[in-house]
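A quick write-up on the structure given underneath.
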Amino acid sequence: MNGYLIIRFATVSFLVFGLLQLPVAAYGSKYIQDGVILPWGSAEEGLEYVPDTGNYILTYKTYYADGSDMLYRIEFIPATKIKPGVKSVFKMNKNGDIRYSYKVKNGSSAEQKIFSVRMFASEANTETMNGPDGWLADIYRVHNSYGSDLSKKRYIGSNVYWLDLTKGSASISPGGSIADFAYTSHDLPGVGKIDLTGRVGKVMGFAGEGPQGEIGKKFNALYTNDFIVLPTAVAWISVPTPFNAAAVLEKVQQHIKTELVDLGQINADFVQELDRLITAAVAAINTGNLEAARHDIKALKQLLHREHKDAEEERHENDGDDEIALDKGRISKLASRVLIFDLEYVEARLK
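Those letters in the sequence shown? Residues 0 to 350, per numbering that gives the first Met the number 0, in order.
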């Protein structure tokens, strides 16, 4: 029986064509138990979550090259049975670049090991990446959609990822943690997302063409989002050459009003308060009044310190976790320590 096997490797998918034994099913690195062939008319296509197991039951029609077709029911085991926590640390090195490092832990109640860690950064240096023993550490550069016109090709960021290559022995077990994930960037920190994936087990393949049509789209949406997302500090604010303090502050201002709001890291009233001071600082820089700009930046830092007195010190420690959401105050500690770092950088280079 002809079929295919889809293997996801970091951000790349490969199709491996060959002969599959019936009934077998899988999608990517997600293990799906042996399929069950159903008589026609006994069930409809669908995707159902089963609370007792935390798995999904997929019922779909599959079609073969000889014109035959069958109705299948298979079980999909998601890779989200993990209890992750992340703490980010960022420091400037002697070259003026920012070193980003992460401690990832897996709660003791997790049912799976963590075997994949991924994030999007505005810029990252492949040569300075670190990863735990047994893990692949790499960066995939991302460009815009430029079609066939190469003149429109633009670099828009990097997918930074780590992947356990040891079949699970180096993965983060329930109750365990690893603090060796790191990269370096020219760009200043912002708050972004980190994706974490649990290790399910076997890689197998759908018989036939797998689910098609609407049920195929529904299943693909489940599969492509089969990871847990947490907020963390990532390289995000690009620094122009030659340095332009006003331009950097405007990027910080936009980051506050977009990503920090979208990720639930700040409330609306505090956004407006910070926005007014940043606008004043930018205007002062553009008119050459650097003393007024320094005064506004100092006022911004005081506001952030008032919300979290220990935010600045905590950015150098890898204990605890980055905040998942704003649970008290007007801004999260994660966002506070990121913004304080950015403001201090601009303040130090203000000439």
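Using N, Cα and C, we set each Cβ at its ideal position, and we do this for glycine too.
Pairing residue 68 with residue 80 gives a Cβ-Cβ distance that is not under 7 Å.
Judged by pairs of C-beta atoms under 8 Å, the segment 134-142 does not touch the segment 88-102, as fewer than three such pairs exist. Residue 340 carries a helical assignment under DSSP once its states are collapsed to helix, strand and coil. DSSP places residue 238 in the coil class of the three-state scheme, outside both helix and strand. In the DSSP assignment, residue 105 forms a beta bridge with 83. Distances from the alpha-carbon of residue 296 to those of 272, 307, 309 and 308 put 272 closest.
For residue 140, the enclosing beta strand (DSSP E) covers residues 134-142.
Listed as beta-bridge partners of residue 113 by DSSP are 171 and 197. By the Cβ rule, the segment 155-162 counts as touching the segment 103-117, because three or more pairs are nearer than 8 Å. Excluding residues up to 5 positions away in sequence, 61 and 62 lie with their Cβ nearer than 7 Å to the Cβ of residue 208 in the same chain.
Closest in C-alpha terms to residue 329, from the list 300, 277 and 270, comes 270. No Cβ-Cβ contact shorter than 7 Å links residue 190 with residue 49.
Residue 232 counts as buried, since no fewer than 16 other beta carbons sit within 10 angstroms of its beta carbon. Non-local C-beta neighbours of residue 223 in its own chain, meaning closer than 8 Å and more than five positions away in sequence, are absent. Residue 73 and residue 57 have their alpha carbons spaced roughly 5 Å apart. Within 10 angstroms of the beta-carbon of residue 193 lie 16 or more other beta-carbons, which makes it buried.
Within the DSSP secondary-structure output, residue 255 pairs in no beta bridge. When the alpha-carbon of residue 347 is set against those of 178, 82, 227 and 242, the nearest one is in 242. Judged by DSSP in its simplified three-state form, residue 47 adopts strand.
The three-state reading of DSSP puts residue 60 in strand, counting E and B together. Between the alpha carbons of residue 95 and residue 238 lies a distance of about 11 Å.
Closest in alpha carbon position to residue 200, among 88, 215 and 170, is 170. For the 7 Å CB-CB criterion, residue 77 and residue 225 form a contact. Judged by DSSP secondary structure, residue 178 falls within the beta strand (DSSP E) whose first and last residues are 176-184. Residue 248 places its beta carbon 7 Å or farther from that of residue 283. Taking all protein chains in view, the Cβ of residue 153 is surrounded by fewer than 16 other Cβ atoms within 10 Å, so the residue is classified as exposed.
Judged by beta-carbon spacing, residue 246 lies beyond the 7 Å limit of residue 120, meaning their Cβ atoms are not closer than that value. For residue 162, the enclosing beta strand (DSSP E) begins and ends at 154-163. In the DSSP assignment, the residues bridged to residue 99 are 89 and 182. Residue range 267-285 is occupied by the alpha helix (DSSP H) that includes residue 269, with no beta strand (DSSP E) assigned at that position. At the C-beta level, residue 217 and residue 236 stay beyond 7 Å of one another. Taken atom to atom, the span from the alpha-carbon of residue 108 to that of residue 212 is near 37 Å. Take the alpha-carbon of residue 140 and the one of residue 124: they are about 10 Å apart. Around the C-beta of residue 307, 16 or more other C-beta atoms lie within 10 Å, and the residue is accordingly described as buried. Assigned with DSSP and collapsed to three states, residue 290 falls in helix. Residue 218 is bridged by DSSP to nothing; it lacks a bridge partner.
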